[in-house]
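>
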Amino acid sequence: MSQSPDESAHPHPLRHVAIIMDGNNRWATERGLSGTAGHEVGVERVRDILDACQRHNIEVITLFAFSSENWKRPELEVRALMSLLGSYLRKEVPQLVERRISLKFIGRRDHFSDKLKALIVDSEAATAGGQHTLVLAVDYGGRWEITEAARNLARQVQIGRLRPEEITEQLMQQQMCLKDLPPPDLCIRTAGEQRISNFLLWHMAYTEFYFADCYWPDFDGAAFDLAIDNYCQRQRRFGMRAKQLEERSRRA
Numbered sequence: 452m453s454q455s456p457d458e459s460a461h462p463h464p465l466r467h468v469a470i471i472m473d474g475n476n477r478w479a480t481e482r483g484l485s486g487t488a489g490h491e492v493g494v495e496r497v498r499d500i501l502d503a504c505q506r507h508n509i510e511v512i513t514l515f516a517f518s519s520e521n522w523k524r525p526e527l528e529v530r531a532l533m534s535l536l537g538s539y540l541r542k543e544v545p546q547l548v549e550r551r552i553s554l555k556f557i558g559r560r561d562h563f564s565d566k567l568k569a570l571i572v573d574s575e576a577a578t579a580g581g582q583h584t585l586v587l588a589v590d591y592g593g594r595w596e597i598t599e600a601a602r603n604l605a606r607q608v609q610i611g612r613l614r615p616e617e618i619t620e621q622l623m624q625q626q627m628c629l630k631d632l633p634p635p636d637l638c639i640r641t642a643g644e645q646r647i648s649n650f651l652l653w654h655m656a657y658t659e660f661y662f663a664d665c666y667w668p669d670f671d672g673a674a675f676d677l678a679i680d681n682y683c684q685r686q687r688r689f690g691m692r693a694k695q696l697e698e699r700s701r702r703a
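Read in order, the letters of the sequence shown are residues 452 to 703 in the numbering used here.
1. Candidates Leu570, Gln626, Ala678, Tyr666: which alpha carbon is nearest Ala479's?
2. Is Ala588 helix, strand or coil by DSSP?
3. Scan the segment 589–671 and note each continuous alpha helix (DSSP H) run of 4 residues or more that stays entirely inside, going in chain order.
4. Quick one: what does DSSP say Asp457 is sitting in, helix, strand or coil?
5. Helix, strand or coil for Ile509 per DSSP?
6. Enumerate in chain order the residues of its own chain whose CB-to-CB distance from Gly643 is below 6 Å, with the five nearest sequence positions on each side excluded.
7. Using the DSSP secondary-structure output, state which residues sit across from His490 in a beta bridge.
8. Any contact of the segment 566–574 with the segment 596–605, i.e. 3+ C-beta pairs under 8 Å?
9. Rounded C-beta distance between Asp499 and Asp671? I'm assuming under 8 Å.
10. Would you decide whether Ala678 is buried or exposed? Buried here means 16 or more other CB atoms lie within 10 Å of its CB.
11. Taking the alpha helix (DSSP H) that Lys566 falls in, what are its first and last residues?
12. Going straight from the alpha carbon of Asp676 to that of Lys523, what length do you get?
13. Just to confirm, are Gly592 and Lys566 a CB contact at a threshold of 9 Å?
14. Alpha carbon to alpha carbon, how far is Glu526 from Ala503?
15. Identify which residue in Gly581, Arg646, Val548, Phe650 has its Cα closest to the Cα of Trp595.
16. Throw me the rounded Cβ distance for the Leu501 and Ile552 pair, which I believe falls under 8 Å.
17. Please report the distance separating the alpha-carbon of Met623 from that of Glu617.
18. Please determine, among Asn603, Gln645, Lys630, Ser519, the residue with the shortest C-alpha to C-alpha distance to Lys555.
19. Between which two residues does the alpha helix (DSSP H) harbouring Leu532 extend?
20. For my contact list, Thr658 and Pro634 are in at a C-beta cut-off of 8 Å; report their separation, rounded to the angstrom.
21. Contact check, Arg559 vs Ser534 under 8 Å by CB: the rounded distance?
22. Taking the beta strand (DSSP E) that His467 falls in, what are its first and last residues?
23. Under 8 Å by Cβ, that's how I've got Gln505 and His583 pegged, so tell me the actual separation to the nearest angstrom.
24. Is Met452 helix, strand or coil when you go by DSSP?
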């Protein structure tokens, strides 16, 4: 897998990319197509992004596939999205196994049909142990995740297993959906929107952001490469001064 010189020399390796896949409906509307058609083409783009991630040796890709707020959309669209998710799993899981990509779902599952819940569990089990990880955030919301984490810790305090003063950021992290994965280094959002829409609120404290003007169905491997090139031009200071980072780099 080839890397550009700037990328390979970057002091903060790109391990995890999160993507807010936006613009499927607008892409379809501008072409006189149904919204479902836009989502179908959007699914095809996932293959391109997985290829690009493997080229750049990125360990984790997290895709915001369906937010907890998306249930407010028209019922026909929601049903189509759930059907599309099921079709994707049945079709793509064998390919993920072959490419050694583990599949992980984050978000609530109680709103899904029993059939879809079983398919999700089976897909995660079938792909376990891969070298790379594809995370699908489905019926996910960042506030929901933080609330659930707080509830879990509150229950431990209630039964006497934990004292409030013992709660740390590290302990909170262990309650999160991505507790065993590195935090996102880069978050990409398509369709020109510049907000995070309740996505990975806890995890993106120091994430770099890249906003692409094109709709998700047009965001191919080449567009992904541009985002990575942009990331590699940045200096991630994590609260330190640039001079401190330069000194650390020289010592390394």
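Ideal placement from N, C-alpha and C gives every residue a C-beta, glycine not left out.
Checking against the coordinates, here is how it stands:
1. Locating residue 479 in the sequence shown gives position 28, counting from the first residue. Ranking the options by Cα distance to Ala479, first place goes to Tyr666.
2. Numbered from its first residue, the sequence shown carries residue 588 at position 137. Note: Ala588 maps to strand in three-state DSSP.
3. Within the segment 589–671, the complete alpha helix (DSSP H) runs of at least 4 residues are 593–609, 620–624.
4. As a working note, residue 457 is residue 6 in the sequence shown. Since pLDDT at Asp457 reaches only 44, below the 50 mark, its modelled position is unreliable, and the value read off the structure follows with that caveat. Helix, per DSSP.
5. For this step, residue 509 is matched to residue 58 along the sequence shown. DSSP places Ile509 in coil when its eight states are reduced to three.
6. The residue you call residue 643 lines up with position 192 of the sequence shown. Result list for Gly643: Asp664, in chain order.
7. Position 39 of the sequence shown, counting from 1, holds the residue named residue 490. DSSP output for His490 lists no bridge partner at all.
8. No: fewer than three Cβ pairs fall under 8 Å.
9. Translated into the one-based positions of the sequence shown, residue 499 becomes position 48. Translated into the one-based positions of the sequence shown, residue 671 becomes position 220. Between Asp499 and Asp671 a beta carbon distance of about 5 Å is seen, short of the 8 Å cut, so the two are scored as contacting.
10. Walking along the sequence shown from the start, residue 678 turns up at place 227. Counting Cβ neighbours within 10 Å, Ala678 comes out buried, since at least 16 surround it.
11. By one-based count along the sequence shown, residue 566 stands at place 115. Lys566 -> alpha helix (DSSP H) spans 565–578.
12. Mapped onto the sequence shown, residue 676 falls at position 225. Mapped onto the sequence shown, residue 523 falls at position 72. If you draw a straight line from the Cα of Asp676 to the Cα of Lys523, it comes to about 34 Å.
13. On the sequence shown, position 141 is the one that residue 592 refers to. On the sequence shown, position 115 is the one that residue 566 refers to. Not in contact: Gly592 and Lys566 (Cβ atoms no closer than 9 Å).
14. Within the sequence shown, numbered from 1, the residue matching residue 526 stands at position 75. Within the sequence shown, numbered from 1, the residue matching residue 503 stands at position 52. Within the model, the alpha-carbon separation for Glu526 versus Ala503 is close to 34 Å.
15. For this step, residue 595 is matched to residue 144 along the sequence shown. Taking only the C-alpha atoms, the option nearest Trp595 is Phe650.
16. Numbered from its first residue, the sequence shown carries residue 501 at position 50. Numbered from its first residue, the sequence shown carries residue 552 at position 101. With a Cβ gap of about 7 Å, Leu501 and Ile552 count as contacting.
17. Translated into the one-based positions of the sequence shown, residue 623 becomes position 172. Translated into the one-based positions of the sequence shown, residue 617 becomes position 166. The alpha-carbon atoms of Met623 and Glu617 are separated by roughly 11 Å.
18. Along the sequence shown, read from residue 1 onward, the residue named residue 555 stands at position 104. Looking only at Asn603, Gln645, Lys630, Ser519, the smallest Cα-Cα distance to Lys555 is reached by Lys630.
19. In the sequence shown, the residue the question calls residue 532 occupies position 81. Start and end: 526–549.
20. For the purposes of this step, residue 658 is identified with residue 207 of the sequence shown, where counting begins at 1. For the purposes of this step, residue 634 is identified with residue 183 of the sequence shown, where counting begins at 1. Right, the Cβ-Cβ distance comes to about 7 Å (below 8 Å), so this counts as a contact.
21. As a first step, residue 559 must be located in the sequence shown, where it is residue number 108. As a first step, residue 534 must be located in the sequence shown, where it is residue number 83. With 8 Å as the limit, Arg559 and Ser534 do not qualify as a contact, their Cβ atoms being about 19 Å apart.
22. Taking the sequence shown and counting its residues from 1, one reaches residue 467 at position 16. Note, His467: beta strand (DSSP E), 467–471.
23. Here residue 505 refers to the residue found at position 54 of the sequence shown. Here residue 583 refers to the residue found at position 132 of the sequence shown. So it is a contact: roughly 7 Å between Cβ atoms.
24. Counting from 1 along the sequence shown, the entry for residue 452 is found at position 1. Its pLDDT being 36, under 50, Met452 is placed unreliably by the model, and nothing is read from it.
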